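**Student:** Just add 101 to wherever you are in the sequence shown, counting from 1, and you've got this note's numbering. Virtual Cβ for every residue (Gly too), placed ideally from N, Cα, C. Everything numeric in this text was worked out from a predicted model, so none of it was measured.
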Amino acid sequence: MSGETALPLPLLHSTVLDWYAEHARDLPWRAPDATPWAVMVSEFMLQQTPVKRVLPAYDAWLERWPTPAALAADPPGEAVRMWGRLGYPRRALRLHAAAAAITERHGGAVPSDHAELLALPGVGEYTAAAVASFAFRQRHAVLDTNVRRVFARLVEGVEYPPTATTAAERRTATALLPDDEETAATWAVAVMELGALVCTARTPRCGGCPVAAGCAWRLAGSPPHDGPPRRGQTYVGTDRQVRGRLLAVLREAHGEVAQAALDAVWDEPVQRARALDGLVADGLVEPVGQGLYRLPGAAAAD
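Below you can see the structure in the form of structure tokens.
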């Protein structure tokens, strides 16, 4: 990617920012009074999970744990329990680990420095950039799936970005950032919103796109994707489904669970055992005796 667009950068910026000002969704983590911790929680939850599923979980989480120290004071198993059915529950363990590190290293305040954010357990390049940008209004390239898709179409003229983020994409995103930090922070979320609402993966609404006139992909006739097949995620019958059912039993138990209760949720013994072994290996489940399991750090049943 070159970082060059058919629209002059000042026009590109003003057009996207004006569109965002009119069409942005009213989301709680974007509110002026949203704390850096609230922004961080939202970023962990929004990874691979749609907004409508995140909203109730986000509200419940912050009501129980309004600060990193509050979460760190509880065992990690409680984070897994509260994560509920958001999916990919290792994110709950990572968020708990980040909260513990924030409490120990930074006095309970989410650090504003990008390098310090990146040093937190469970925080990768995307999350560090997103928190620094959205919570602290800094100038960073924030590259989620939506942003990468917008830039692939707008700049490179292809339908989809590469499978994994490339150095070229990072250079493009950095080149397109406005110079002013506050404007750059708004730009980062505005492009993300454009990808979420208009430049969508399957059915882009090019007729409603504010920068369609300068979109390289549209100007090229919207050529179809010619790279490796894009595989949709499956769930039914997979180990992920088995893991979810096993965790549901443990979340509802509030204590130790016997092997028989876990065996009852899935008929196929080999797959069930593999899924349970995976949960234990990932730190999501603790064996506490012969045929007894619990969430990590959970108290034993009375």
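Since V232 contacts M141 with CB under 8 Å, what's their CB separation in whole angstroms?
**Tutor:** Sure, about 5 Å apart at Cβ, within 8 Å.
**Student:** Please state the DSSP three-state secondary structure of E282.
**Tutor:** Correct three-state label for E282: helix.
**Student:** In chain order, which alpha helix (DSSP H) runs of at least 4 residues are fully inside the region 132 to 186?
**Tutor:** DSSP runs (the alpha helix (DSSP H)) wholly in the region 132 to 186: 137 to 147, 152 to 165, 169 to 173 and 177 to 184.
**Student:** Take R195 as the anchor and find which of A236, T246, Q148 and P329 has the nearest alpha-carbon.
**Tutor:** Closest option to R195, Cα to Cα, is Q148.
**Student:** Using C-beta distances below 7 Å, list every residue in its chain close to G223, excluding the 5 sequence neighbours before and after it, in chain order.
**Tutor:** Here the set comprises R195, L196, A198 and A199.
**Student:** Tell me whether the beta-carbon of E260 lies closer than 8 Å to the beta-carbon of W184.
**Tutor:** Not a contact, by the Cβ cut-off of 8 Å.
**Student:** Which of the three DSSP states is assigned to W105 in this structure?
**Tutor:** Rather than Trp, the amino acid found at residue 105 in this sequence is Glu. Three-state result, E105: coil.
**Student:** With a Cβ-Cβ cutoff of 8 Å, do L393 and A349 count as a contact?
**Tutor:** No, they are not a contact pair.
**Student:** Rounded to whole angstroms, what's the CA-CA distance from A174 to S323? Just pull it up for me.
**Tutor:** For A174 and S323, the distance between alpha carbons rounds to 52 Å.
**Student:** Whose C-alpha, out of D368, D327, L277 and G328, is nearest the C-alpha of P111?
**Tutor:** Cα-wise, what sits closest to P111 is L277.
**Student:** Please identify the residue among W120, T136, Q239 and Y121 whose C-alpha is closest to the C-alpha of G209.
**Tutor:** G209 has its Cα closest to that of T136, out of W120, T136, Q239 and Y121.
**Student:** Helix, strand or coil: how does DSSP classify L393 here?
**Tutor:** The answer is strand: DSSP assigns L393 an E or B state.
**Student:** Buried or exposed for M102, please, with buried defined as at least 16 other CB atoms from any protein chain shown within 10 angstroms of its CB.
**Tutor:** At M102 the pLDDT is 47, less than 50, meaning the model places this residue with poor confidence; the figure from the coordinates comes in the next sentence. It is buried - the Cβ of M102 has at least 16 other Cβ atoms within 10 Å.
**Student:** Do L182 and L396 have their C-beta atoms within less than 8 Å of each other?
**Tutor:** The displayed chain sequence assigns Arg, not Leu, to residue 182. Cβ distance < 8 Å, so R182 and L396 count as in contact.
**Student:** Using 8 Å as the threshold, is the C-beta distance between V243 and A230 below it?
**Tutor:** Yes, they are a contact pair.
**Student:** Assuming contact is defined by CB atoms lying nearer than 8 Å, are A158 and F235 in contact in what I supplied?
**Tutor:** Cβ distance not < 8 Å, so A158 and F235 don't count as in contact.
**Student:** Ends of the alpha helix (DSSP H) at G360?
**Tutor:** Residue identity differs from the one stated: residue 360 is Gln in this sequence, not Gly. Start and end: Q360 to D364.
**Student:** Taking only three categories from DSSP, how would you classify P129?
**Tutor:** Helix at P129.
**Student:** Determine the extent of the alpha helix (DSSP H) in which L385 is found, giving its start and end residues.
**Tutor:** Per DSSP, L385 belongs to no alpha helix (DSSP H) and is neither H nor E.
**Student:** What separation, rounded to the nearest whole angstrom, lies between the Cα atoms of T275 and S115?
**Tutor:** If you take the alpha carbons of T275 and S115, they lie about 17 Å apart.
**Student:** Rounded to the nearest angstrom, what separates P370 and A314 at their Cα positions?
**Tutor:** Spanning the two alpha carbons is a distance of roughly 57 Å.
**Student:** With a CB to CB cut of under 8 Å and the five nearest residues on each side skipped, what residues in its chain are close to R346?
**Tutor:** Excluding residues within five positions, the ones whose Cβ falls inside 8 Å are V366 and W367.
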